Amino acid sequence: MTLRAEVVAVLRDSPVDRIKFNIGNITISKTEFEKVAKAIEKDDIAVVTGSSGPKLGASYTSWKTRRIKDGEKKMIGKITLGKGDVTKTPLGKAAIYHESTHALMDVSNHKIPMIDEEVIAYIADVMYLSALPYENFTGTKQVMAIFNAANALIKSKKLLLKPSTVLKWSDCDELRLAIKAHPAYR
Numbered sequence: 001m002t003l004r005a006e007v008v009a010v011l012r013d014s015p016v017d018r019i020k021f022n023i024g025n026i027t028i029s030k031t032e033f034e035k036v037a038k039a040i041e042k043d044d045i046a047v048v049t050g051s052s053g054p055k056l057g058a059s060y061t062s063w064k065t066r067r068i069k070d071g072e073k074k075m076i077g078k079i080t081l082g083k084g085d086v087t088k089t090p091l092g093k094a095a096i097y098h099e100s101t102h103a104l105m106d107v108s109n110h111k112i113p114m115i116d117e118e119v120i121a122y123i124a125d126v127m128y129l130s131a132l133p134y135e136n137f138t139g140t141k142q143v144m145a146i147f148n149a150a151n152a153l154i155k156s157k158k159l160l161l162k163p164s165t166v167l168k169w170s171d172c173d174e175l176r177l178a179i180k181a182h183p184a185y186r
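So the sequence shown is numbered by this note's numbering: it starts at 1 and just counts up by one.
Okay, here's the thing in structure tokens:
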């Protein structure tokens with residue numbers, strides 16, 4: 001299986017079918033992530049291995065505003081996997097799902113502030129891990145604050161038990177604060 005096919009499989013396989021919520025005018029669901037999977041299959045979103053940043057399993061780069069050179073294919077963006085085996089581990093798959101949330105914003109032409117995009121991505125990421133279930137999550141103090149805030153929101157709103165829950169942005173205030181406290185998001 002190619003790396004691209006492995007990433008597409010992450011977006012189509014369980015537990016993606018258990019993750020469904022709405023916030024503002026944005027829906028996070030298997031149906032929505034199918035748009036990202038198809039964009040990857042059409043090579044509108046590249047999938048490569050390379051540097052995804054320190055301690056990150058994956059990263060996403062938007063190319064929506066990138067200038068296209070003559071003869072170059074216009075693409076939506078690029079998902080970079082830190083290692084090829086990222087598609088094989090629970091944390092790696094959650095990282096792919098997180099970064100694919102950013103890709104979904106581009107594919108669906110949602111224009112929201114970066115911090116709100118991160119809020120959505122972390123909710124989706126932690127829902128993915130919780131649905132597995134994966135309970136061995138560890139990290140720095142700031143990373144754990146983000147994880148714990150997302151997890152508290154997921155539990156308080158019963159997001160895995162009540163599909164299609166509609167969240168308000170104000171429901172995410174604690175998570176937003178935790179993200180803003182992380183040096184990577186300042």
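Yeah, the Cβ is synthetic: ideal placement off N, Cα and C, and Gly gets one too. Nothing here was measured: the structure is a model prediction, and the numbers come from that model.
Original post:
Secondary structure at residue 84, three-state DSSP: helix, strand or coil?
Top reply: DSSP places residue 84 in helix when its eight states are reduced to three.
Original post:
residue 144 to residue 70, Cα distance in whole Å?
Top reply: The straight-line gap from Cα to Cα measures roughly 45 Å.
Original post:
Distance, Cα to Cα, residue 63 vs residue 106?
Top reply: C-alpha separation (whole angstroms): 9 Å.
**OP:** Name the two residues that bound the continuous beta strand (DSSP E) containing residue 97.
**Re:** No beta strand (DSSP E) contains residue 97, which is instead part of the alpha helix (DSSP H) from 90–107.
Original post:
Among residues of its own chain, excluding the 5 on either side of residue 190, which ones have a beta-carbon nearer than 7 Å to its beta-carbon?
Top reply: The requested residue 190 does not occur in the structure, where the chain is confined to residues 1 to 186.
Original post:
Alpha carbon to alpha carbon, what distance is there between residue 100 and residue 77?
Top reply: Inter-residue distance for residue 77 and residue 100 is about 10 Å (C-alpha atoms, whole angstroms).
Subject >> Residue(s) in a DSSP beta bridge with residue 45 >> reply: The partner list for residue 45 (beta bridge, DSSP) reads 77.
Original post:
Looking at the structure shown, is residue 21 part of a helix, part of a strand, or coil, going by DSSP?
Top reply: Residue 21: strand per DSSP, three-state reduction.
**OP:** Drop a sphere of 10 angstroms on the beta-carbon of residue 74, count the other beta-carbons inside from all chains shown, and report buried for 16 or more, exposed for fewer.
**Re:** With fewer than 16 other Cβ atoms within 10 Å, it is exposed.
Original post:
Just reading off the beta strand (DSSP E) that residue 62 is part of, what are its end residues?
Top reply: Here the beta strand (DSSP E) through residue 62 covers 58–62.
**OP:** Flag this pair as yes or no: are the beta carbons of residue 159 and residue 19 separated by less than 9 Å?
**Re:** Yes, these two residues count as a Cβ contact at 9 Å.
Original post:
Given a threshold of 16 other Cβ atoms within 10 Å of its Cβ, counted over all protein chains shown, does residue 87 qualify as buried or as exposed?
Top reply: Around the beta carbon of residue 87, 16 or more other beta carbons lie within 10 angstroms, which makes this residue buried.
Original post:
Span of the beta strand (DSSP E) holding residue 166?
Top reply: For residue 166, the enclosing beta strand (DSSP E) covers residues 165–167.
**OP:** Within 10 angstroms of the Cβ of residue 41, are there 16 or more other Cβ atoms? Answer buried if so, exposed if not.
**Re:** In the assembly as shown, residue 41 is an exposed residue. Its beta-carbon has fewer than 16 other beta-carbons within 10 Å.
Original post:
Whole-angstrom Cβ separation of residue 97 and residue 124, contact assumed at under 8 Å?
Top reply: Contact check for residue 97 and residue 124: beta-carbon distance about 6 Å, within the 8 Å limit, so the pair qualifies.
**OP:** Consult DSSP for residue 26 and reduce its assignment to one of helix, strand or coil.
**Re:** In the structure shown, the three-state DSSP call for residue 26 is strand.
Original post:
Which two residues bound the contiguous alpha helix (DSSP H) that contains residue 223?
Top reply: In the structure displayed, the chain extends from 1 to 186; residue 223 sits before or after that span and is not available.
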